[in-house]
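Residue numbers (full-length UniProt numbering): 1 to 268.
Ideal placement from N, C-alpha and C gives every residue a C-beta, glycine not left out.
It should be emphasised that the depicted structure is a prediction, and the values quoted were computed from it without experimental measurement.
Accompanying notes for the structure given below.
Dropping the structure here:
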């Protein structure tokens, strides 16, 4: 856990303004937004399912690194003062019986269906993109102003209780001579997925057509570049689908919760 009392003097205005814009209805992928501030995936479950998910995350920390867990019924987080988890993400997904029922820019109505919802905020690989850019490594989806490509793999997560499913990964094309640098930089952020889980040969992890991501947008891969894959916080959504979870609220892939916590707080 980070020492939140050491962050009192951080200027959180960029993160706060981003959340305010989403609360006002702006819908946009969050990669590159409020650079320097940690972003988080989210899954919200009824209390009856919360322990199963907490155990699932503990058993699969690469894909599901937990940054915060709310009290049942709360829609706030210590990671951003005054934030409202029902409204401050650009786009939400509502799940019913393991199927996507709705996407919405305001989850308040769905949230009101249960009084005991528990929110899990999970580390996001967008967090280490800023130091990669600062090191001169292009992030293609940022250049092309689109969503990061994400793929459902054939790599099973360790089950927990009623939850099971395969890992989801995000992909960034990296010049072959910078792959080691990208792995080293991201590896310094274990709380937000850390180093890659796979490099090159996408077919070995069940990605048969890299031009057709399961989530997000396809991006250009230039000659001399290697597809590099990181564990992704959409993995809980794969578990929701595979396990037929009766009710859940998540972020839409690529549309994260922007915290007030600087990336440096998670630098190992």
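Self-check item: residue 252 beta carbon less than 8 Å from that of residue 91
Solution: As a working mapping, residue 91 is identified with position 91 in the chain shown. As a working mapping, residue 252 is identified with position 252 in the chain shown. Yes.
Quiz item: So is residue 129 buried or exposed if we call it buried at 16+ other beta carbons inside 10 Å?
Solution: As a first step, residue 129 must be located in the chain shown, where it is residue number 129. Buried: at least 16 other Cβ atoms inside 10 Å.
Quiz item: CB residue 127 to CB residue 189, shorter than 8 Å?
Solution: Start at 1 with the first residue of the chain shown, and residue 127 comes out as number 127. Start at 1 with the first residue of the chain shown, and residue 189 comes out as number 189. Yes, they are a contact pair.
Self-check item: Own chain residues within Cβ distance below 7 Å of residue 206, not counting five before or after
Solution: The count along the chain shown starts at 1 and reaches residue 206 at position 206. The answer, listed in chain order, is 153 and 154.
Quiz prompt | Close Cβ partners of residue 226 (< 8 Å) along its chain, the five nearest in sequence each way excluded | solution = Counting from one through the chain shown, the residue named residue 226 turns up at place 226. Answer for residue 226: 173, 174, 175, 176, 179, 199 and 200, listed in chain order.
Practice problem: Indicate the three-state DSSP secondary structure (helix, strand or coil) for residue 48 in the structure shown. | Solution: Taking the chain shown and counting its residues from 1, one reaches residue 48 at position 48. Three-state DSSP puts residue 48 in a helix.
Exercise. Counting only the same chain and skipping the five closest in sequence on each side, list residues whose C-beta sits under 6 Å from that of residue 171.
Key: As a first step, residue 171 is located in the chain shown; it is residue number 171 there, counting from the start. Excluding positions up to five away in sequence, the list reads 149, 227 and 229.
Quiz prompt | Inter-residue spacing [alpha-carbon to alpha-carbon] between residue 33 and residue 67 | solution = Here residue 33 corresponds to residue number 33 of the chain shown, with the count starting at 1. Here residue 67 corresponds to residue number 67 of the chain shown, with the count starting at 1. Looking at the two C-alpha atoms, the distance is approximately 19 Å.
Quiz item: In terms of DSSP beta bridges, what is residue 150 paired with?
Solution: In the chain shown, residue 150 corresponds to position 150, counting from 1. Beta-bridge pairing links residue 150 to 170 and 215.
Practice problem: Using 10 angstroms around the beta-carbon of residue 58, count the other beta-carbons present and answer buried if the total reaches 16, otherwise exposed. | Solution: Translated into the one-based positions of the chain shown, residue 58 becomes position 58. It counts as exposed.
Exercise. Report the residue ranges of all alpha helix (DSSP H) runs contained in full by the segment 58-91; include only those spanning at least 4 residues, in chain order.
Key: none
Quiz prompt | Environment of residue 191 [buried if 16+ CB atoms lie within 10 Å] | solution = The count along the chain shown starts at 1 and reaches residue 191 at position 191. Looking at its Cβ environment, which holds 16 or more other Cβ atoms inside 10 Å, residue 191 is buried.
Practice problem: Have a look at residue 193 and residue 39 and give me their C-alpha separation to the nearest angstrom. | Solution: Translated into the one-based positions of the chain shown, residue 193 becomes position 193. Translated into the one-based positions of the chain shown, residue 39 becomes position 39. Those two C-alpha atoms are separated by around 12 Å.
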